[in-house]
Amino acid sequence: MECLTLKKSNCKNCYKCIRHCPVKSIRFSGNQAYIIGDECIMCGQCFVVCPQNAKQIVDETEKVKVLLQSGAPVVVSLAPSFVANYEVGIEAMREAIKKLGFYDVEETAIGATIVKREYERLVKDEERDIIITSCCHSVNLLIQKHFPRCLPYLADIMSPMQVHCKDIKKRIPNAKTVFIGPCVAKKDEAQQYKGIVDAVLTFDELTAWLKAENITLEKKTDSNENSRARFFPTTGGILKTMDKKNPKYVYMSIDGAENCIAALRDIEKGNLHHCFIEMSACAGSCIGGPVMEKHHRSPVRDFAVISRYAGKKDFLVEQPSRAEIRKDFEIIEQRLREPTEEEILDTLRQMGKMKPSDELNCGSCGYNTCREKAIAICQGKAEISMCLPFLKEKAENFSDTIARNIPNGLIVLNEKLEVQQINNAALKILNLRRASDILGDQIVRVLDPGDFLTVLTEGTGIRDKREYLAEYKKYVEKTIIYDKEYRQILCILRDVTEEENQRARKESITHQTIEIADKVVDKQMRIVQEIASLLGETVAETKIALTKLKESITNE
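Numbering (full-length UniProt numbering), first residue to last: 1 to 556.
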């Protein structure tokens with residue numbers, strides 16, 4: 001069962017998880033993030049940093065409720081970081097948790113005491129060059145999956161959680177154990193090593209359960225002088241509890257996955273020897289765990305709380321035999337194939353990285369270098385579109401190509417009416433030689449700002465307004481649009497000077513034609529009138545002659 005899941009609807013393709021993943025165990029496909037189980041070290045950083053809560057820790061509350069209904073005594077092993085998370089003592093926690101139906105609540109620090117004694121034995125009796133603590137399951141996974149050559153240095157001892165839960169089952173017949181703490185990795189550890197820890201809850205899950213049952217923690221603390229192992233969840237906490245008796249070792253504590261990775265690389269290179277190294281994947285150790293991180297983050301205060309609560313002597317516990325708490329670690333093989341150099345270079349070229357100087361290594365995609373990103377693409381973990389400089393350049397080149405080649409003038413202004421962008425067509429219309437002549441200056445230098453101010457204040461655009469620019473002796477159709485989201489003003493100028501000149505010429509020709517037609521009509525009318533006049537005289541004479549002839553014939 002996966003301990004971390006993804007809510008696809010929430011993933012916004014921001015790459016924040018891959019940027020914070022120390023081992024880059026996240027794959028992107030179809031603009032969605034997927035956790036690669038074979039590579040993940042369960043540090044929970046993707047859960048902590050996700051701004052959309054797209055990563056979810058699998059909730060085992062229902063599983064625990066089933067255990068409670070089974071009739072078997074269910075005992076809680078409570079991580080020592082509880083006092084920093086809840087700011088109450090173990091007695092207050094016991095009272096509240098037992099109201100949920102648990103048989104009893106004990107501190108995981110009891111198991112931590114057993115573990116630290118075994119570390120002391122390793123340091124004193126065994127001739128090991130380097131000893132790396134194995135309390136942190138994320139560190140164990142980091143070594144098993146990514147630094148297998150360091151596996152011989154990993155202490156072959158169970159974690160405090162496992163040791164304590166095993167001790168509980170030894171003392172209480174048929175008991176079921178539930179670990180509660182700030183760690184995601186403990187869920188995975190419980191699943192990997194069956195039969196020791198039956199379920200794991202996070203502090204968030206416990207808090208939600210208590211709230212649902214209307215159970216309030218009583219704000220009280222207690223003290224126990226025999227509780228030095230309560231220091232375990234702090235940076236260097238293991239070393240604080242140990243009696244260091246072998247002077248041949250250098251004792252150091254390393255917290256944070258990146259620092260652990262750096263140390264393991266040094267070990268692989270042979271740069272470290274005779275060291276006892278306390279390693280924790282979380283910055284600040286367990287009190288910086290991912291669930292505490294999500295709940296609240298105050299490392300200085302949390303350390304102070306732990307320091308005040310811890311005693312100066314060990315818990316009074318019976319130390320089991322070495323064999324009872326021994327733990328074997330195996331290499332967890334990586335399934336991804338390493339790409340060839342030719343494949344890497346070909347992918348770099350697809351990303352627009354034609355030469356080394358093109359490799360910005362900006363880290364915006366989440367990978368430290370462009371080469372790492374190219375390898376991830378070859379392995380199917382990443383997509384070319386994740387390269388933000390590449391996308392930005394591609395988008396800018398595309399938009400620039402459009403702006404350069406369209407015949408209309410384009411001018412982009414900010415809300416101060418300062419020119420932010422101008423294309424060649426607009427430069428030609430405004431008789432400017434270079435864009436630098438106007439970029440950053442007020443639009444009033446080249447155009448009347450009245451329409452721009454109107455659009456900015458009223459929010460309504462101007463469409464295809466035709467006007468004459470006397471200064472440039474040109475007619476333009478002007479469209480002005482205000483983009484409220486990007487807070488920019490876009491002006492489109494279409495040079496219609498030739499259209500206006502053609503229209504003027506057409507009007508002139510039409511006017512001349514009308515004048516000529518009028519003159520022709522006038523002349524024709526005069527001719528007609530003259531003809532009519534002549535015709536009128538001839539008809540009259542003919543009429544007189546015929547009348548006289550008629551009269552003559554009649555008289556005869």
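Even for Gly, the Cβ is constructed at its ideal location relative to N, Cα and C.
Inset, instruction - Could you tell me the boundaries of the alpha helix (DSSP H) in which Phe82 lies? - result: Residue numbering aside, residue 82 sits at position 82 when the sequence shown is read from its first letter. Unbroken alpha helix (DSSP H) run through Phe82: Phe82 to Tyr86.
Legend entry - C-beta contact flag for Tyr251 and Leu264 at 9 Å: Locating residue 251 in the sequence shown gives position 251, counting from the first residue. Locating residue 264 in the sequence shown gives position 264, counting from the first residue. Their beta carbons are not under 9 Å apart, which means Tyr251 does not touch Leu264 by this criterion.
Legend entry - Sequence ranges, alpha helix (DSSP H) only - wholly within the segment 400-468, length at least 4: 424-429 and 450-458
Inset, instruction - Could you say if the segment 346-359 and the segment 157-172 meet the contact criterion of at least three C-beta pairs nearer than 8 Å? - result: no
Legend entry - contact_flag[the segment 332-351, the segment 158-165] where n(CB pairs < 8 Å) is 3 or more: no
Inset, instruction - Quick one: grab the DSSP three-state call for Leu348. - result: Numbered from 1 along the sequence shown, position 348 holds the residue referred to as residue 348. Three-state result, Leu348: helix.
Legend entry - Stretch pair the segment 180-189 + the segment 68-82: three plus CB contacts closer than 8 Å: yes
Legend entry - Proximity to Val446 [Cα-Cα], best of Gly459, Lys428 and Leu456: In the sequence shown, counting from the first residue as 1, residue 446 sits at position 446. Closest option to Val446, Cα to Cα, is Lys428.
Legend entry - Backbone CA spacing between Leu493 and Gly30 [nearest angstrom]: Sequence index remark: in the sequence shown, residue 493 carries index 493 (1-based). Sequence index remark: in the sequence shown, residue 30 carries index 30 (1-based). So the two alpha carbons sit approximately 40 Å from each other.
Legend entry - DSSP beta-bridge partners of Val105: On the sequence shown, residue 105 is found 105 positions in, with the first residue counted as 1. Paired residues: Val76.
Inset, instruction - With DSSP as the reference, please indicate the residues paired to Cys17 in a beta bridge. - result: Mapped onto the sequence shown, residue 17 falls at position 17. None; Cys17 has no bridge partner.
Inset, instruction - Specify the secondary structure class of Ser159 as computed by DSSP and reduced to three states. - result: Within the sequence shown, residue 159 is the residue found at index 159, counting from 1. Ser159 falls in the coil class under three-state DSSP.
Legend entry - Contact set for Lys294: own chain, Cβ-Cβ below 8 Å, skip 5 residues either direction: In the sequence shown, counting from the first residue as 1, residue 294 sits at position 294. At Lys294 the pLDDT is 49, less than 50, meaning the model places this residue with poor confidence; the figure from the coordinates comes in the next sentence. Result list for Lys294: Phe47, Val48 and Asp204, in chain order.
Legend entry - Cutoff 9 Å: Val317 Cβ touching any chain D Cβ: Of the chains in the structure shown, none is chain D; there is only one protein chain.
Legend entry - Straight-line Cα distance separating Ala33 from Tyr15: Within the sequence shown, residue 15 is the residue found at index 15, counting from 1. Within the sequence shown, residue 33 is the residue found at index 33, counting from 1. If I take the Cα positions, the gap works out to 8 Å.
Legend entry - Inter-residue spacing [alpha-carbon to alpha-carbon] between Ala403 and Gly409: For this step, residue 403 is matched to residue 403 along the sequence shown. For this step, residue 409 is matched to residue 409 along the sequence shown. Computed Cα separation, rounded: 8 Å.
Inset, instruction - Determine the contact status of His137 and Met292, defining contact as a CB-CB distance below 9 Å. - result: Working through the sequence shown from its first residue, we reach residue 137 at position 137. Working through the sequence shown from its first residue, we reach residue 292 at position 292. Contact: no.
Inset, instruction - Provide the residue(s) that pair with Asp483 in DSSP beta bridges, ordered along the chain. - result: Sequence index remark: in the sequence shown, residue 483 carries index 483 (1-based). Per DSSP, Gln488.
Legend entry - Classification of Lys523 by the beta-carbon crowding that lies within 10 angstroms, buried from 16 upward: Numbered from its first residue, the sequence shown carries residue 523 at position 523. Exposed.
Inset, instruction - Tell me, please, which residues DSSP counts as bridged to Cys275. - result: Sequence index remark: in the sequence shown, residue 275 carries index 275 (1-based). The partner list for Cys275 (beta bridge, DSSP) reads Ile130 and Val250.
Inset, instruction - Mind checking which residues open and close the alpha helix (DSSP H) that includes Ala190? - result: Translated into positions along the sequence shown, residue 190 becomes position 190. Residues Ala185 to Gln192.
Legend entry - Close-in-space but distant-in-sequence residues of the same chain around Gly101 (CB under 6 Å, 5 per side omitted): Looking up residue 101 in the sequence shown gives position 101. Once the five neighbours on either side are set aside, the close Cβ partners of Gly101 are Leu68.
Legend entry - Lys219 versus Ala257, Ile110 and Ala92, residue with shortest Cα-Cα distance: What you label residue 219 is simply residue 219 of the sequence shown in a count that begins at 1. Per the Cα distances, Ala92.
Inset, instruction - Only counting runs of 3 or more residues, tell me where the beta strand (DSSP E) segments fall wholly within the segment 302-329, in order along the chain. - result: none
Legend entry - Lys169 - DSSP class collapsed to helix/strand/coil: In the sequence shown, the residue the question calls residue 169 occupies position 169. Note: Lys169 maps to helix in three-state DSSP.
Legend entry - Bounding residues of the alpha helix (DSSP H) (the contiguous stretch that carries Ile154): Against the sequence shown, residue 154 aligns to sequence position 154. Just to set this straight, residue 154 is Leu in the shown sequence, not Ile. From DSSP, Leu154 is part of no alpha helix (DSSP H); its letter is neither H nor E.
Legend entry - Spatial distance of Asp104 from Ile97 (CA atoms): Within the sequence shown, residue 104 is the residue found at index 104, counting from 1. Within the sequence shown, residue 97 is the residue found at index 97, counting from 1. Their backbone Cα atoms lie some 8 Å apart in a straight line.
Inset, instruction - From the DSSP output, in three-state form, read off Ile36 for me. - result: Taking the sequence shown and counting its residues from 1, one reaches residue 36 at position 36. In this structure, Ile36 counts as coil in the three-state DSSP scheme.
Inset, instruction - Could you have a look at Phe47 and say whether DSSP puts it in helix, strand or coil? - result: As a working mapping, residue 47 is identified with position 47 in the sequence shown. Of the three classes helix, strand and coil, the one that applies to Phe47 here is helix, per DSSP.
Inset, instruction - Would you mind working out which of Leu490, Pro449 and Phe276 sits nearest Asn423, comparing C-alpha positions? - result: The residue given as residue 423 occupies position 423 in the sequence shown. The shortest C-alpha separation from Asn423 is found at Leu490.
Inset, instruction - Count the other C-beta atoms from every protein chain shown that fall within 10 angstroms of the C-beta of Val520, then say buried if there are 16 or more, exposed otherwise. - result: Reading the sequence shown from its first residue, position 520 is the one you call residue 520. Its Cβ having fewer than 16 others within 10 Å, Val520 is exposed.
Legend entry - Contact under 9 Å by Cβ, residue 562 with Gly366: The first residue shown for the chain is 1 and the last is 556, placing residue 562 beyond what the model contains.
Inset, instruction - On a CA-only basis, which of Val444, Ala281 and Ala425 is nearest Pro22? Give me that one, please. - result: Position 22 of the sequence shown, counted from the first residue, corresponds to residue 22. When each option's Cα is compared against that of Pro22, the closest is Ala281.
Inset, instruction - Assign Glu507 to buried or exposed, taking buried as 16 or more other Cβ atoms, counted over all protein chains shown, within 10 Å of its Cβ. - result: Here residue 507 refers to the residue found at position 507 when the sequence shown is read from its first residue. Flag for Glu507 reads exposed.
Inset, instruction - Return the CA-CA distance between Asp302 and Asn85, expressed in angstroms with no decimal places. - result: Here the question's residue 302 lines up with position 302 in the sequence shown. Here the question's residue 85 lines up with position 85 in the sequence shown. The straight-line gap from Cα to Cα measures roughly 8 Å.
Legend entry - Paired residues, beta bridge with Phe179 - DSSP: Stepping through the sequence shown from its first residue, residue 179 is reached at position 179. DSSP, once it has assigned bridges, lists Ser77 and Val200 as partnering Phe179.
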